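Visitor: Positions 28 to 175 (our numbering) are the ones given, in order, by the sequence shown.
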Amino acid sequence: MPACRIIVAVGLPGSGKSSYFDRLRVNAISSDEVRRMLLDDAGDQSVNARVFQTVRHLAAQRLRIGRPETYIDATNLERWERQPYVRLARACGARAEVLFFPASVEVCLERNRGRPRQVPEDALRAMAARLEPPTVDEGFASVTVVEA
Ligand SMILES: Nc1ncnc2c1ncn2[C@@H]1O[C@H](COP(=O)(O)OP(=O)(O)O)[C@@H](O)[C@H]1O
Ligand SMILES: [Mg+2]
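#1: Are the CB atoms of residue 70 and residue 144 nearer to each other than 8 Å?
#2: Please state if the CB of residue 90 and the CB of residue 115 are separated by a distance shorter than 8 Å.
#3: According to the Cβ coordinates, are residue 121 and residue 32 closer than 8 Å?
#4: What does DSSP give as the partner residue(s) for residue 38 in the beta ladder?
#5: Could you name the residues that DSSP lists as bridge partners for residue 33?
#6: Kindly give me the distance between the Cβ atoms of residue 105 and residue 159, rounded to whole angstroms, as I take these residues to be in contact under 8 Å.
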């Protein structure tokens, strides 16, 4: 049996992650969806540690069940945020991959303005400043760029 894959999105809010997964018709584990389940509000940032514990727990369950592909829909801007998925993949004999959505902050701000649930502009710019472009050196088998 080929190894299971865990595919981690990396990109700013508005970079197109959720739309891409919708188009692929995959059931990604989404941090916004977990916020909705735990807090009744996809935008509530008050218990992010718990939100990401839940995301990782769901991912681990999928890998242990042997689901062939597990997608993570979250910004995953910094290397430390991505490392848990590399470790999880190693522990489960899975392959960890990245899908990088490199849309510029200006493009993301423009798309953000057209959304019902908007990220404040200063918050989005602060996130752009935190973004560490992902590399295979982090332990990913591949980094695939999804152009806007
Ligand atoms: N490739 C694209 N070209 C133009 N607009 C896009 C593209 N991908 C997403 N969008 C639009 O940008 C907005 C944010 O996309 P979304 O997928 O929700 O981003 P994310 O999940 O990364 O926050 C949505 O209104 C969506 O329709
Ligand atoms: Mg999204």
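We put the CB at the ideal spot given by N, CA and C, even for glycine.
Note that the coordinates shown come from a computational prediction; the quantities given were computed from them, not determined experimentally.
Guide: Result, derived from the coordinates:
#1: Translated into positions along the sequence shown, residue 70 becomes position 43. Translated into positions along the sequence shown, residue 144 becomes position 117. Yes; because the gap between Cβ atoms is below 8 Å, this pair is in contact.
#2: Against the sequence shown, residue 115 aligns to sequence position 88. Against the sequence shown, residue 90 aligns to sequence position 63. The answer is yes: Cβ separation under 8 Å.
#3: To locate residue 121, count along the sequence shown from 1; it is residue 94. To locate residue 32, count along the sequence shown from 1; it is residue 5. Inclusion of residue 121 and residue 32 in the CB contact set at 8 Å is warranted, their separation being smaller than that value.
#4: Position 11 of the sequence shown, counted from the start, is the residue given in the question as residue 38. In the DSSP output, where bridge partners are listed per residue, residue 38 has 128.
#5: Residue 33 sits at position 6 when you count from the first residue of the sequence shown. As computed with DSSP, residue 33 is found in a beta bridge with 97, 123.
#6: The sequence position of residue 105 within the sequence shown is 78, counting from 1. The sequence position of residue 159 within the sequence shown is 132, counting from 1. Right, their Cβ atoms sit about 5 Å apart.
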